[in-house]
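Engineer: Under the working numbering, the letters of the sequence shown match residues 4 to 545, in that order. Note that the Cβ used here is the ideal one computed from N, Cα and C, for glycine as well.
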Amino acid sequence: MLLRSVISFATPLVVLACAAAQDGPPRREERGDRPERRGPERPEGLLKREAGAYEGLTLVSSLSTRETHLIDLDGRSVHSWKSDVPLGNVAYLMADGTLLRAGRQGDNKIFRGGGEGGRIQKLDVDGQVIWDFVWSNDEHLHHHDIKALPNGNVLFLSWEKKTKAEAIAAGRDPRFLKGEWFWPDVVYEVKPVLPSGGEIVWEWHAWDHLIQDRDQEAQNFGVVEEHPERIDINADWTRFEVKEDPKADTETAERLRGLGYVGGPPAGDRGAGAAAPAASGAGAPGGPGAVGGPGRPGMGAMGGGGADWMHSNAVDYHAGFDQILISVKHLNEIWVIDHSTTTAEARGSQGGRYGKGGDLLYRWGNPVAYRGGTPEQRQLFEQHNAHWIPAGRPGAGHILVFNNGSPREGRAWSSADEIALPVDAEGRYAPRREDGLLGPEQALWSYTAPKKQDFFSSFISGVQRLENGNTLICEGETRRVFEVTQEGATVWEWVMPIALIGADAPPGGRGPRGGLFRAERLAPDHPGLAALRAAGHPLSIK
């Protein structure tokens, strides 16, 4: 079955990764220099609809907008919701017709970087806010993603604040710290308290599972390569091997602002309860951690010298295994952790269904991060939207991921990859192989464009396996959403019009205006669509 192999024009990632290791200086097209980004003249709206496209409605929200839309296969908005705060990256339609969305709370005095959020909301079938939860202060900030659980609770990603001194005491190489803060990631589970607020009922902190081999006096000292279940606090060292390019960083910062991915909403337009903008110091314009401030030029918190060490950008949940999947962009890895633990067990290395407490159950994508391999064996490149393929769809139980690519590391193209981790029916993973690697060696199925650089988004973006076996891909930087078959043929293509973003569209810059963090195709029989219709909202699926 073709779904179980790499399609003809999608070179296995292990080969791509080796391209940077060729003898002599590579030609421009070989080293993967950044292609010219498509500008405002790019066609918008429906570009292609062919037989074989999966029926349904596509849920989309621009990063810079307060509106979420349902788009039919003709590219028309057939329903929308509007909130009083800009999108904090993601929105999901629930089975009862409510919309669960993340919001951008506003400028935070400490945390300032790509993916900031700070707020989680639920809107009813008529668009009224029925739950409003704020997670933003000087100690922590929600960012990037949320995930609804079967019990009605919500998982979310968060940064937590550590000082530079704390990071160094934990073994962080001081050369990698150019600001005052260090932001390890946390996964929280919140039980909603209506109409506002919530109770944290479970939490997992990356900080509790560190290892390092710099400081023998520190409690977390150990042999990194012998403990892949632990997180090397200096595992991102390869980011600092890339030569800094201030001009490129400035261009990147401009593109991020144009996408609506960084920078808070205008003053006085942050919604009810939003924090005031920082006036000075970390997180303020020009302060440590601000885009364009000290640290890596132009990149701030997203750069090599920033506080955002992990930059996790996706969280997912496997109900059968009671496991959580985290996409860790700056380490170029995906991690699996145990959710069956208590919070106390999650701090240690014992307990839970799998007996490992909060240590990593599995990791994949970059063997350098656990000293198990070489940079040439790396599979993931600043990936987004890693998640388990749901039951009932081809590839169910495998992991699907948008593999963004990294021009500075010789991969200026993206791919949509399906990964089959070595796991049994009980959720237990195979041990390391004799060569030190954690398998598999490459993606099971992969899509790239026939001319690879025609499909590229270095930031944001997402991917979804559909019930008919096709794959929906969101090329976030260009606002392009397209559907491909198992063989790689495009059967549907749409670019979100600027007019649909409206007054929230950010000013033009070097790249496209506005960005799509993700897109999701909802099946015609999705219970949430039925709930909307029952509430008097006609939804046409043509």
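Name the residue from Pro-397, Thr-68, Glu-496 and Ala-172 whose alpha carbon lies nearest to the alpha carbon of Glu-220.
Structural biologist: Position 217 of the sequence shown, counted from the start, is the residue given in the question as residue 220. The candidate whose alpha carbon is nearest that of Glu-220 is Ala-172.
Engineer: Name the residue from His-401, Asn-154, Asp-319 and Gly-48 whose alpha carbon lies nearest to the alpha carbon of Ile-392.
Structural biologist: As a first step, residue 392 is located in the sequence shown; it is residue number 389 there, counting from the start. Nearest C-alpha to Ile-392: His-401.
Engineer: Taking all protein chains shown into account, do 16 or more other C-beta atoms lie within 10 angstroms of the C-beta of Val-204, making it buried, or fewer, making it exposed?
Structural biologist: Against the sequence shown, residue 204 aligns to sequence position 201. Flag for Val-204 reads exposed.
Engineer: With a threshold of 8 Å, are at least 3 pairs of Cβ atoms found where one atom belongs to the segment 195-204 and the other to the segment 213-233?
Structural biologist: No, because fewer than three Cβ pairs between the segment 195-204 and the segment 213-233 fall closer than 8 Å, the two stretches do not touch.
Engineer: When the Cβ atoms of the segment 163-171 are set against those of the segment 326-345, are three or more pairs found closer than 8 Å?
Structural biologist: The segment 163-171 vs the segment 326-345: no contact.
Engineer: Could you check what DSSP says for Lys-150 in three-state terms: helix, strand or coil?
Structural biologist: As a first step, residue 150 is located in the sequence shown; it is residue number 147 there, counting from the start. Three-state DSSP puts Lys-150 in a strand.
Engineer: Could you check whether the Cβ of Ser-67 sits closer than 7 Å to any heavy atom belonging to the ligand HEM?
Structural biologist: The ligand HEM is not part of the structure shown, which contains no ligands of any sort.
Engineer: Helix, strand or coil: which one does DSSP assign to Tyr-95?
Structural biologist: Numbered from 1 along the sequence shown, position 92 holds the residue referred to as residue 95. In this structure, Tyr-95 counts as strand in the three-state DSSP scheme.
Engineer: For Ser-315 versus Asp-188, is the C-beta spacing smaller than 8 Å?
Structural biologist: In the sequence shown, the residue the question calls residue 315 occupies position 312. In the sequence shown, the residue the question calls residue 188 occupies position 185. Contact flag set, yes.
Engineer: Which residues mark the beginning and the end of the alpha helix (DSSP H) in which Lys-167 is found?
Structural biologist: Start at 1 with the first residue of the sequence shown, and residue 167 comes out as number 164. Counting along the chain, the alpha helix (DSSP H) containing Lys-167 begins and ends at 167-172.
Engineer: Scan the segment 381-431 and note each continuous beta strand (DSSP E) run of 3 residues or more that stays entirely inside, going in chain order.
Structural biologist: Taking only runs of at least 3 residues, the beta strand (DSSP E) segments lying wholly in the segment 381-431 are 387-391, 402-406 and 418-422.
Engineer: Pop quiz: Leu-440 and Pro-370 are said to be a contact at Cβ under 8 Å. What is the actual Cβ separation, rounded to whole angstroms?
Structural biologist: Position 437 of the sequence shown, counted from the first residue, corresponds to residue 440. Position 367 of the sequence shown, counted from the first residue, corresponds to residue 370. With 8 Å as the limit, Leu-440 and Pro-370 qualify as a contact, their Cβ atoms being about 5 Å apart.
Engineer: In its own chain, which residues sit with a C-beta less than 6 Å from the C-beta of Ala-151, not counting the 5 before and 5 after it?
Structural biologist: Numbered from its first residue, the sequence shown carries residue 151 at position 148. The answer, listed in chain order, is Leu-103 and Val-157.
Engineer: Can you pull the DSSP bridge partners for Lys-51?
Structural biologist: Numbered from 1 along the sequence shown, position 48 holds the residue referred to as residue 51. Note: Lys-51 sits in a beta bridge opposite Glu-496.
Engineer: Do the segment 422-433 and the segment 488-498 make contact, defined as three or more Cβ pairs closer than 8 Å?
Structural biologist: No, the segment 422-433 does not touch the segment 488-498.
Engineer: I want to know whether the segment 462-471 touches the segment 515-525 - three or more CB-CB distances under 8 Å.
Structural biologist: In short, these stretches touch, since the Cβ pair count reaches three.
Engineer: Bridge partners for Phe-179 per DSSP, in chain order?
Structural biologist: By 1-based counting over the sequence shown, the position of residue 179 is 176. DSSP, once it has assigned bridges, lists no residue as partnering Phe-179.
Engineer: Pull up the distance between the alpha-carbon of Gln-124 and that of Val-226, whole angstroms please.
Structural biologist: Taking the sequence shown and counting its residues from 1, one reaches residue 124 at position 121. Taking the sequence shown and counting its residues from 1, one reaches residue 226 at position 223. The straight-line gap from Cα to Cα measures roughly 43 Å.
Engineer: Relative to the C-alpha of Tyr-57, which candidate in Gly-505, Ala-533, Pro-500 and Glu-486 has its C-alpha closest?
Structural biologist: What you label residue 57 is simply residue 54 of the sequence shown in a count that begins at 1. Closest by alpha carbon: Glu-486.
Engineer: Within a Cβ cutoff of 8 Å, which residues of the same chain sit near Ser-161, ignoring the five residues on either side of it in sequence?
Structural biologist: As a first step, residue 161 must be located in the sequence shown, where it is residue number 158. Correct list, in chain order: Trp-138, His-143, Leu-144, His-145, His-146, Asp-188, Val-189, Val-190 and Tyr-191.
Engineer: Sort out for me which residues DSSP pairs Ile-214 with in a bridge.
Structural biologist: On the sequence shown, position 211 is the one that residue 214 refers to. Asp-235, per the DSSP bridge assignment.
Engineer: I need the DSSP call for Gly-121, collapsed to helix, strand or coil.
Structural biologist: On the sequence shown, position 118 is the one that residue 121 refers to. Three-state DSSP puts Gly-121 in a strand.
Engineer: Please return the same chain residues whose Cβ sits closer than 7 Å to the Cβ of Arg-436, not counting the five positions on each side in sequence.
Structural biologist: In the sequence shown, the residue the question calls residue 436 occupies position 433. Same-chain partners within the cutoff: Gly-442.
Engineer: So, Leu-96 versus Gly-531, is the Cβ gap smaller than 8 Å?
Structural biologist: The residue labelled residue 96 in the question sits at position 93 within the sequence shown. The residue labelled residue 531 in the question sits at position 528 within the sequence shown. Yes; because the gap between Cβ atoms is below 8 Å, this pair is in contact.
Engineer: Return helix, strand or coil for Glu-444, following the three-state DSSP convention.
Structural biologist: Looking up residue 444 in the sequence shown gives position 441. It is coil, neither helix nor strand.
Engineer: For Pro-195, which residues does DSSP report across the bridge?
Structural biologist: Indexing the sequence shown from 1 puts residue 195 at position 192. Answer by DSSP bridge pairing, in chain order: Gly-201.
Engineer: Determine the direct distance from the alpha carbon of Glu-348 to that of Lys-548, and round the result to whole angstroms.
Structural biologist: Here the chain comprises residues numbered 4 to 545, so residue 548 is not present and cannot be evaluated.
Engineer: Three or more C-beta pairs under 8 Å: does that hold for the segment 404-412 against the segment 360-367?
Structural biologist: The answer is no - the segment 360-367 does not touch the segment 404-412, with fewer than three Cβ pairs under 8 Å.
Engineer: Taking Pro-198 as the reference, give the member of His-72, Gln-386, Trp-134 and Glu-444 with the closest Cα.
Structural biologist: In the sequence shown, the residue the question calls residue 198 occupies position 195. For the residues His-72, Gln-386, Trp-134 and Glu-444, the minimum Cα distance to Pro-198 belongs to Trp-134.
Engineer: Examine the Cβ distances between the segment 531-542 and the segment 97-116 and report whether three or more of them are shorter than 8 Å.
Structural biologist: Yes: the two stretches touch, three or more of their Cβ pairs being nearer than 8 Å.
Engineer: Indicate the three-state DSSP secondary structure (helix, strand or coil) for Ala-322 in the structure shown.
Structural biologist: Counted from its first residue, the sequence shown places residue 322 at position 319. Ala-322 falls in the coil class under three-state DSSP.
Engineer: Express the C-alpha separation of Ala-372 and Arg-350 in angstroms, rounding to a whole number.
Structural biologist: As a first step, residue 350 must be located in the sequence shown, where it is residue number 347. As a first step, residue 372 must be located in the sequence shown, where it is residue number 369. Distance between the alpha carbons of Arg-350 and Ala-372 is about 21 Å.
Engineer: Can you tell me where the alpha helix (DSSP H) with Glu-348 in it begins and where it stops?
Structural biologist: Locating residue 348 in the sequence shown gives position 345, where the first residue counts as 1. Residues 346-349.
Engineer: So, with DSSP's three-state summary, where would you put Glu-336?
Structural biologist: Counting from 1 along the sequence shown, the entry for residue 336 is found at position 333. If DSSP states are grouped into helix, strand and coil, Glu-336 belongs with the strands.
Engineer: By the three-class DSSP mapping on this structure, what secondary structure does Gly-271 have?
Structural biologist: What you label residue 271 is simply residue 268 of the sequence shown in a count that begins at 1. Only weak support is given to the placement of Gly-271: the predicted model assigns it a pLDDT of 34, under 50, and the value that follows is read from those uncertain coordinates. Coil.
Engineer: Take His-321 as the anchor and find which of Asp-438, Tyr-450 and Val-426 has the nearest alpha-carbon.
Structural biologist: Locating residue 321 in the sequence shown gives position 318, where the first residue counts as 1. Per the Cα distances, Val-426.
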